[in-house]
Amino acid sequence: MLTIKNLNKTYANGTQALNNVSITLEKGMFGLLGPNGAGKSTLMKTIATLQLADSGAITFNDIDVFKQPEELRKILGYLPQDFGVYPKVTAEMMLTHIAKVKGITNTKERKEYVLELLNKVNLYKFRNRNLGDFSGGMRQRFGIAQAIIGNPQLIIVDEPTAGLDPMERNRFHNLLSELGENAVVILSTHIVDDVINLCHEMAVFNEGKILVKGKPQELSDTL
Ligand code: ADP
Ligand code: ADP
Numbered sequence: 310m311l312t313i314k315n316l317n318k319t320y321a322n323g324t325q326a327l328n329n330v331s332i333t334l335e336k337g338m339f340g341l342l343g344p345n346g347a348g349k350s351t352l353m354k355t356i357a358t359l360q361l362a363d364s365g366a367i368t369f370n371d372i373d374v375f376k377q378p379e380e381l382r383k384i385l386g387y388l389p390q391d392f393g394v395y396p397k398v399t400a401e402m403m404l405t406h407i408a409k410v411k412g413i414t415n416t417k418e419r420k421e422y423v424l425e426l427l428n429k430v431n432l433y434k435f436r437n438r439n440l441g442d443f444s445g446g447m448r449q450r451f452g453i454a455q456a457i458i459g460n461p462q463l464i465i466v467d468e469p470t471a472g473l474d475p476m477e478r479n480r481f482h483n484l485l486s487e488l489g490e491n492a493v494v495i496l497s498t499h500i501v502d503d504v505i506n507l508c509h510e511m512a513v514f515n516e517g518k519i520l521v522k523g524k525p526q527e528l529s530d531t532l
């Protein structure tokens with residue numbers, strides 16, 4: 310369970326990006342809906358320990374996120390809005406490297422794990438292609454593969470489907486839904502339909518505040 314309490318963040322230029330945000334999330338897919346500038350990325354980055362808040366607290370199960378960022382990172386999968394790739398490295402090489410860093414030390418085991426992962430995100434046949442030659446959809450699925458190495462219990466996905474065609478979006482969504490069965494998944498987006506189709510719970514975020522929170526079916530009239 311992820312618990313966020315009274316989170317505040319004001320950037321140096323005076324922009325208040327988080328205004329006393331409190332929220333509790335259980336396992337499953339949670340949608341964070343809001344316009345550009347609402348503060349979604351700030352919230353995601355803060356949970357992912359990439360940025361500090363001015364005040365407040367975040368706990369995930371027994372982990373105090375601000376006091377034990379290393380512990381949180383061990384169980385976190387984070388797919389940022391924009392992520393860089395090494396253009397001349399193949400998908401398999403990159404995932405193998407990350408798997409190694411994440412502690413899958415046995416070479417044979419690691420190879421099997423990576424091939425299975427590539428299969429799961431539908432990139433098996435592109436495993437030897439350089440990441441710089443991936444299409445937008447392939448790149449997003451690669452991002453997911455990167456993020457889910459080591460079975461994270463908390464998965465954060467920041468506006469993932471920009472630039473994807475409908476088929477690619479579909480694939481991506483199926484994959485996310487599957488992940489939500491075993492983890493707390495937070496999906497930040499400005500696409501209302503995605504939240505209605507995918508999430509069991511959602512919040513509308515604007516100007517650093519949660520305006521409403523509830524089940525997408527119940528809130529869809531107000532959106
Ligand atoms: P969203 O992800 O919903 O688009 P952000 O969290 O990126 O929102 O931004 C929230 C607000 O904070 C916006 O007004 C944005 O311009 C501002 N902001 C974001 N990052 C910074 C930063 N590093 N410095 C100053 N202002 C920022
Ligand atoms: P599958 O046969 O496993 O369903 P597809 O052949 O449909 O997979 O392709 C999977 C993904 O790769 C899709 O996102 C598609 O857009 C992309 N893709 C397929 N072939 C190419 C290619 N030759 N170059 C770039 N992207 C491709």
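Take any residue in the sequence shown, count from 1 to its spot, add 309: that is its number in the working numbering. Idealized CB from N, CA, C, for every residue including glycine. Note that the coordinates shown come from a computational prediction; the quantities given were computed from them, not determined experimentally.
Thinking C-alpha only, which one of the options is nearest residue i?
{"i": "Ser444", "options": "Asn428, Leu352, Lys429, Val394", "result": "Val394"}
{"i": "Lys429", "options": "Leu485, Leu359, Glu468, Gly346", "result": "Leu485"}
{"i": "Leu334", "options": "Asp530, Ala512, Lys518, Gly517", "result": "Ala512"}
{"i": "Ser331", "options": "Gly343, Asn317, Gly337", "result": "Asn317"}
{"i": "Asn479", "options": "Ser529, Leu404, Gln449", "result": "Gln449"}
{"i": "Pro475", "options": "Ile458, Ile457, Asp503, Ala456", "result": "Asp503"}
{"i": "Ile458", "options": "Met403, Val398, Leu359", "result": "Met403"}
{"i": "Ile570", "options": "Lys417, Met310, Lys524", "result": "The structure shown does not extend to residue 570, since the chain is modelled only from 310 to 532, so the question has no answer here."}
Short of 7 Å in beta carbon distance, which residues of its chain neighbour residue i, apart from the five on each side in sequence? Order them along the chain.
{"i": "Gly452", "result": "Leu388, Phe392"}
{"i": "Glu380", "result": "Ile372"}
{"i": "Ala492", "result": "Lys336, Pro461, Gln462, Leu463, Ile464"}
{"i": "Asn515", "result": "Gly343, Pro344, Ala347"}
{"i": "Tyr320", "result": "Ala326"}
What do you reckon, is the C-beta of residue i under 7 Å from a heavy atom of ligand 1?
{"i": "Asn345", "result": "yes"}
{"i": "Gly348", "result": "yes"}
{"i": "Asn322", "result": "yes"}
{"i": "Thr319", "result": "no"}
{"i": "Thr351", "result": "yes"}
{"i": "Ala326", "result": "yes"}
Is residue i close to chain B, meaning its C-beta is less than 8 Å from at least one C-beta of that chain?
{"i": "Gly517", "result": "Within the model displayed, chain B is absent; a lone protein chain is all it includes."}
Cβ of residue i versus every heavy atom of ligand 4: is any distance shorter than 7 Å?
{"i": "Ala512", "result": "Ligands displayed in this structure: ligand 1 and ligand 2; ligand 4 is not among them."}
Return the chain-ordered list of same chain residues with a C-beta closer than 6 Å to the C-beta of residue i, the five sequence neighbours on each side being excluded.
{"i": "Ser497", "result": "Leu341, Lys349, Met353, Asp467, Glu468"}
{"i": "Asn328", "result": "Gly517, Lys518"}
{"i": "Gly441", "result": "Pro396"}
Tell me which same chain residues have a C-beta within less than 8 Å of the C-beta of residue i, skipping the five on either side of it?
{"i": "Phe481", "result": "Gly446, Gln449, Arg450, Ile453, Pro469, Thr470, Leu473"}
Inset, instruction - Give a yes or no on contact between the segment 404-424 and the segment 350-368, applying the rule of three or more CB pairs nearer than 8 Å. - result: No, they do not touch.
Legend entry - Within the segment 455-487, ranges of the beta strand (DSSP E) (whole runs, at least 3 residues): Listed in chain order, the complete beta strand (DSSP E) runs (minimum 3 residues) inside the segment 455-487 are 463-467.
Legend entry - Residue ranges of each beta strand (DSSP E) within the segment 331-409, 3 or longer: 337-342, 364-369, 385-388, all fully within the segment 331-409.
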